[in-house]
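For reference, the structure discussed in these notes is given below.
There are 2 protein chains.
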Amino acid sequence: MAELLPVIGQIDESTLMLEPLEAAVVTAIRRQGPLSRSDLSEYLDYSRASVTGIVGRMIQTGVLTEAGEGKSAGGRRPFLLDINPNLGYVVGVDIGATSLDVALADFRGNILRQASEPADVRGRPDEFLGHVADVIDDLLARQGAIPAAVVGIGVGVPGPVEFVPGVLIAPPLMPLWEGFPIKSFLRERFPMARVAVDNDVNIMARGEHQAGAGRGLDNFIFIKIGTGIGCGIISHGEIYRGADGAAGDVGHICIDYNGPVCHCGNQGCLEIMAAGPAIAAAAEARAGAGESAFLAARLAERGSLSAVDVGDAAASGDRAANEIIRRSGKMIGGVLATLINFYNPQAVFIGGGVAGIGHGLLSAIRQATLRRATALSTRHLRIEYSPLGEDAGVIGGIWLALENVFIIK
Amino acid sequence: MAELLPVIGQIDESTLMLEPLEAAVVTAIRRQGPLSRSDLSEYLDYSRASVTGIVGRMIQTGVLTEAGEGKSAGGRRPFLLDINPNLGYVVGVDIGATSLDVALADFRGNILRQASEPADVRGRPDEFLGHVADVIDDLLARQGAIPAAVVGIGVGVPGPVEFVPGVLIAPPLMPLWEGFPIKSFLRERFPMARVAVDNDVNIMARGEHQAGAGRGLDNFIFIKIGTGIGCGIISHGEIYRGADGAAGDVGHICIDYNGPVCHCGNQGCLEIMAAGPAIAAAAEARAGAGESAFLAARLAERGSLSAVDVGDAAASGDRAANEIIRRSGKMIGGVLATLINFYNPQAVFIGGGVAGIGHGLLSAIRQATLRRATALSTRHLRIEYSPLGEDAGVIGGIWLALENVFIIK
């Protein structure tokens, strides 16, 4: 039976107020997927009778719905409980340096409508966010819904975030955004929405944790390789931010004291030597030196090269391109080996624009990592491209929103 | 009024069984020190009436005692509640590569009796641990107590530990200990004790967290510099172990692909280049080359040099010794900068035998760290020698034991 997705009107906020144990039921289902009453009783370590009572009230208030039958353990097949998807809408917003992704989702995190477009974050935040709100309005209109039906918005931004107030601190890419009140700005347009803001790599790590290859993992790293290099950290099952919200700033790890000067002022930072622009610059140099017919032709055609061009050249068997990619992978893998010795994660997921340039990069990263991390810390380690790909950020935004939609009494 | 410390006999295990909320009261007091009923009500977010009921029962069963008066918030001064120190004894055991430290403590973690001696872990674990049990028996006898009064033992060992079973995995320093059942071995001698085993740097980090400069901090690193270099990580207020219990293995981070071969088989590991033996070897070389009269005299006197000798030389103004120490500090600080960019801790505490060689090492570590970590991640960062010094391990062992003495129903 296909599920009906009714258009949701204004939300009665009292529905979203939960007792602590009800919140624990929601968390359990979000972590494990639909559960039976017996599963919940075991998971929460509460009696079957208590769980039945709690679940009964939650079905009555509309927070839970019965979602088909589970496997029988002998007797009658148990009903599975899931979050009611139609309690309201949430929105994930992934603001990249040069792109904007927005998705409207239901309360189970299923994407209903999505929009992606090029963008430029260097301008005024009120103008940029006004446009974001217009995009959300447009998605709502296509869904036949009103702004007051949005109860949560999760926003990822490409810069350091002070999480509680949700403001950017000294963001190098978008200086005009420093301290801008993103939360209250969006609340003016979506008055029923709780807004949360986080760093782009943190929301990608969250997306991977909730809905990607990181599901069920307690400790992993998500590395984004694009114009810069950053990483999101999951520790004890939660986003790890560090003392100043600065954790994961791996792009400015020094790999060569005599290396080129980075935009941060230091020499030999990983990102100035190995990220997208370094790959592109190396390719232009090799094209100019006559070392790659493919890259020279592409350069002549387009006037400049990108990391994606280098990936295309490598895919066609171009030796110079393959060397450039292997060199970047080796540098990134060398840093990763250090981080793995320290952090011993269960997995490393790699995303961002440069992750799209082919398997050669991943293979070089893996080799360099395994060569220098300890045997014990790599014996179960997975190093993989993010299966969510370009959507990791917007999916993470949706889950950041969902984290905040219920209010615990 | 001085507190009486009665000799404790065999423990009634039912006293140590707690309801979940009672366990939360214990945790709150351990984190914050003695608390009033109002403090507890606020901290636990439970009504004053509920807290009064819970606390009343816990005083009756003997888990809590009233411990003097707190500050008045206007009216009568509130009674403070603390853990009853006399519920039983716990023991902290810190096994180093060449030393053994054992301490007998009460239920508040106060050390009652302590013993330290040189030791050699390379032999048979049953013999070594049999001796540890004898040392504990001796401390108990001096206290006038019986083995059945010991309800918790926390053991730190210098090697990788699989925490739940409490066994060592492929320990390079003590291969005969691989898989040895430390817990059941000690339980035979102390039948009422719950035994927990952890890596030496993890217990040092735990000691610092519970009773040292790390109190109240959620995220910090404890680095031990001795024969090797290792680190314990506190994340979200708890020991972070990683996927395979291998987190914190920073001694084998590569700092020079062409460096000397480490005992792990790789080249240029941090510990082979910067730890105690490297400092001693550099000093012997400089003494042999006639570059330090102090070191040459000490070498002639003792036949070999240690890191402590180099510290003595540096304290006397010896230039070669100072250069050796600064070089080690620079290498360690370089790695630390990388870890700080990734992990953004609130503090880094440095302990272990080599930490005792003077301020020059700390100063060099700080300089190198601040030079290459990002400004944001160091703006509130403290880098300090561990104030617990040599006792960090045994204090951590006591707290590891205390973590496990109550059983949650």
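Protein chains in written order, with my numbering: chain A, -12 to 396; chain B, -12 to 396. Note that the Cβ used here is the ideal one computed from N, Cα and C, for glycine as well. Small disclaimer: the values here were computed from a predicted structure and weren't measured.
Could you spell out where the alpha helix (DSSP H) holding Val188 of chain A opens and where it closes?
-> Your numbering for residue 188 of chain A matches position 201 in the first sequence. First-last of the alpha helix (DSSP H) with Val188 of chain A: Asp187 to Ala198.
Return the chain-ordered list of same chain residues with a C-beta closer than 6 Å to the C-beta of Gln254 of chain B, the five sequence neighbours on each side being excluded.
-> Within the second sequence, residue 254 of chain B is the residue found at index 267, counting from 1. Gly246 and Val248, listed in sequence order.
Taking the Cβ atom as the reference point for each residue, do Gly338 of chain A and Ser373 of chain A lie within a distance shorter than 8 Å?
-> Mapped onto the first sequence, residue 338 of chain A falls at position 351. Mapped onto the first sequence, residue 373 of chain A falls at position 386. It is a contact, given that the beta carbons lie within the stated cut-off.
Beta strand (DSSP E) containing Pro105 of chain A: first to last residue?
-> The residue given as residue 105 of chain A occupies position 118 in the first sequence. Start and end: Ile98 to Pro105.
Give a yes or no on whether the minimum CB-CB distance between Leu8 of chain B and chain A is below 8 Å.
-> Indexing the second sequence from 1 puts residue 8 of chain B at position 21. By this cut-off, Leu8 of chain B is not an interface position.
Have a look at Val119 of chain A and Thr214 of chain A and give me their C-alpha separation to the nearest angstrom.
-> Looking up residue 119 of chain A in the first sequence gives position 132. Looking up residue 214 of chain A in the first sequence gives position 227. Approximately 22 Å, taken between the alpha carbons.
Assumed close pair Asn331 of chain B, Ala233 of chain A - CB separation to whole angstroms, cut-off 8 Å | Reading the second sequence from its first residue, position 344 is the one you call residue 331 of chain B. Reading the first sequence from its first residue, position 246 is the one you call residue 233 of chain A. With a Cβ gap of about 4 Å, Asn331 of chain B and Ala233 of chain A count as contacting.
Would you say Ile190 of chain B reaches chain A, if we count a Cβ-Cβ gap shorter than 8 Å as a contact?
-> Within the second sequence, the letter at position 203 stands for residue 190 of chain B. Chain A contact via Cβ: absent.
Enclosing beta strand (DSSP E) for Asp69 of chain A [first to last residue] = Position 82 of the first sequence holds residue 69 of chain A. Element bounds for Asp69 of chain A: Phe66 to Ile70.
Select from A:Lys396, A:Ala388 and A:Phe393 the residue whose C-alpha is nearest the C-alpha of Arg193 of chain A.
-> Counted from its first residue, the first sequence places residue 193 of chain A at position 206. Ranking A:Lys396, A:Ala388 and A:Phe393 by Cα distance to Arg193 of chain A puts A:Ala388 first.
Using a Cβ cut-off of 9 Å, pull out every chain B residue sitting near Val237 of chain A, in sequence order please.
-> Translated into the one-based positions of the first sequence, residue 237 of chain A becomes position 250. Those within 9 Å of Val237 of chain A in chain B are Thr325, Asn328 and Phe329.
Which residues share a DSSP beta bridge with Gln254 of chain A?
-> By 1-based counting over the first sequence, the position of residue 254 of chain A is 267. Beta-bridge pairing links Gln254 of chain A to A:Val248.
Within-8 Å CB hit, Tyr227 of chain B to chain A | As a working note, residue 227 of chain B is residue 240 in the second sequence. Yes, contact with chain A.
Is it buried or exposed for Ile266 of chain B, if we count other Cβ within 10 angstroms and need 16 for buried?
-> Stepping through the second sequence from its first residue, residue 266 of chain B is reached at position 279. Classification for Ile266 of chain B: buried.
If the cut is a Cβ gap below 9 Å, which residues of chain B does Ser37 of chain A touch?
-> Numbered from its first residue, the first sequence carries residue 37 of chain A at position 50. Residues of chain B passing the Cβ test: none, with the nearest at roughly 13 Å.
Is the Cβ of Ser34 of chain B closer than 8 Å to any Cβ of chain C?
-> Reference to chain C is not applicable here, since the protein chains of this structure are A and B.
Whole-number beta carbon distance between Gly131 of chain A and His180 of chain A, since they are thought to touch under 8 Å | Mapped onto the first sequence, residue 180 of chain A falls at position 193. Mapped onto the first sequence, residue 131 of chain A falls at position 144. In the sequence on display, residue 180 of chain A carries Ala and not His. About 18 Å; that fails the 8 Å criterion.
Per DSSP, Phe207 of chain B forms a beta bridge with which residues?
-> In the second sequence, residue 207 of chain B corresponds to position 220, counting from 1. Beta-bridge pairing links Phe207 of chain B to B:Ile221 and B:Ala334.
Could you tell me how far apart the beta carbons of Pro72 of chain B and Ser23 of chain B are, in whole angstroms, since I believe they sit closer than 8 Å?
-> Counted from its first residue, the second sequence places residue 72 of chain B at position 85. Counted from its first residue, the second sequence places residue 23 of chain B at position 36. Contact flag wrong, Cβ pair sits at about 19 Å.
Keeping to the same chain, check which residues put their C-beta closer than 6 Å to that of Ala261 of chain A; ignore five residues upstream and five downstream.
-> Start at 1 with the first residue of the first sequence, and residue 261 of chain A comes out as number 274. For Ala261 of chain A, where only same-chain residues beyond five positions count, the Cβ hits under 6 Å are Ser315, Met318 and Ile319.
Straight-line Cα distance separating Glu225 of chain A from Leu282 of chain B = Position 295 of the second sequence, counting from 1, holds the residue named residue 282 of chain B. Position 238 of the first sequence, counting from 1, holds the residue named residue 225 of chain A. The straight-line gap from Cα to Cα measures roughly 51 Å.
Cβ of His223 of chain B within 8 Å of any chain A Cβ | Mapped onto the second sequence, residue 223 of chain B falls at position 236. Yes, His223 of chain B counts as interfacial toward chain A.
Please look up how many angstroms separate the CB atoms of Glu258 of chain A and Ala379 of chain A, rounded, as I've assumed it's under 8 Å.
-> On the first sequence, residue 258 of chain A is found 271 positions in, with the first residue counted as 1. On the first sequence, residue 379 of chain A is found 392 positions in, with the first residue counted as 1. In fact, because the Cβ distance is near 19 Å, the residues do not count as touching under 8 Å.
Check each candidate in A:Glu149, A:Asn97 and A:Arg174 and name the one with the smallest Cα separation from Gly117 of chain A.
-> Walking along the first sequence from the start, residue 117 of chain A turns up at place 130. Ranking A:Glu149, A:Asn97 and A:Arg174 by Cα distance to Gly117 of chain A puts A:Arg174 first.
Endpoints, alpha helix (DSSP H) assigned at Gly298 of chain A = As a first step, residue 298 of chain A is located in the first sequence; it is residue number 311 there, counting from the start. Element bounds for Gly298 of chain A: Ala294 to Ala302.
What first and last residue would you give for the alpha helix (DSSP H) that runs through Ala132 of chain A?
-> Here residue 132 of chain A refers to the residue found at position 145 of the first sequence. Taken as a continuous stretch (DSSP letters only), Ala132 of chain A belongs to no alpha helix (DSSP H), as it is neither H nor E.
C-alpha distance - Val50 of chain A paired with Leu375 of chain B, whole-angstrom precision | Counting from 1 along the first sequence, the entry for residue 50 of chain A is found at position 63. Counting from 1 along the second sequence, the entry for residue 375 of chain B is found at position 388. So the alpha carbons of these two residues sit roughly 51 Å apart.
Can you find a CB in chain B that lies within less than 8 Å of the CB of Leu27 of chain A?
-> For this step, residue 27 of chain A is matched to residue 40 along the first sequence. It does not: the Cβ of Leu27 of chain A has no partner Cβ on chain B nearer than 8 Å.
Alpha carbon of Ala(-11) of chain A to alpha carbon of Asn97 of chain A, nearest angstrom = In the first sequence, residue -11 of chain A corresponds to position 2, counting from 1. In the first sequence, residue 97 of chain A corresponds to position 110, counting from 1. Low confidence applies to Ala(-11) of chain A: its pLDDT is 37, below 50, so where it sits in the model is not reliable enough to give any reading.
Contact residues within the segment 363 to 376 of chain A, judged by C-beta distance below 8 Å to chain B | Leu363, Ser364, Arg366, His367 and Leu368
Residue range of the beta strand (DSSP E) that includes Glu6 of chain A | Residue 6 of chain A sits at position 19 when you count from the first residue of the first sequence. Unbroken run through Glu6 of chain A: none, as it is neither H nor E.
If the cut is a Cβ gap below 7 Å, which residues of chain A does Ile240 of chain B touch?
-> Here residue 240 of chain B refers to the residue found at position 253 of the second sequence. Correct list: Thr325 and Asn328.
On the three-pair Cβ rule with 8 Å, is the segment 82 to 98 of chain B touching the segment 143 to 160 of chain B?
-> yes
State the CB to CB distance for the pair Pro112 of chain A and Asp124 of chain A, rounded to an integer number of angstroms; the pair is presumed to be in contact (CB under 8 Å).
-> Along the first sequence, one-based indexing puts residue 112 of chain A at 125. Along the first sequence, one-based indexing puts residue 124 of chain A at 137. That belief does not hold up - the Cβ atoms of Pro112 of chain A and Asp124 of chain A are roughly 18 Å apart, past 8 Å.
Put Tyr76 of chain B into one of helix, strand or coil per three-state DSSP.
-> By one-based count along the second sequence, residue 76 of chain B stands at place 89. In this structure, Tyr76 of chain B counts as strand in the three-state DSSP scheme.
Backbone CA spacing between Lys170 of chain B and Gly321 of chain B [nearest angstrom] | Translated into positions along the second sequence, residue 170 of chain B becomes position 183. Translated into positions along the second sequence, residue 321 of chain B becomes position 334. If you take the alpha carbons of Lys170 of chain B and Gly321 of chain B, they lie about 38 Å apart.
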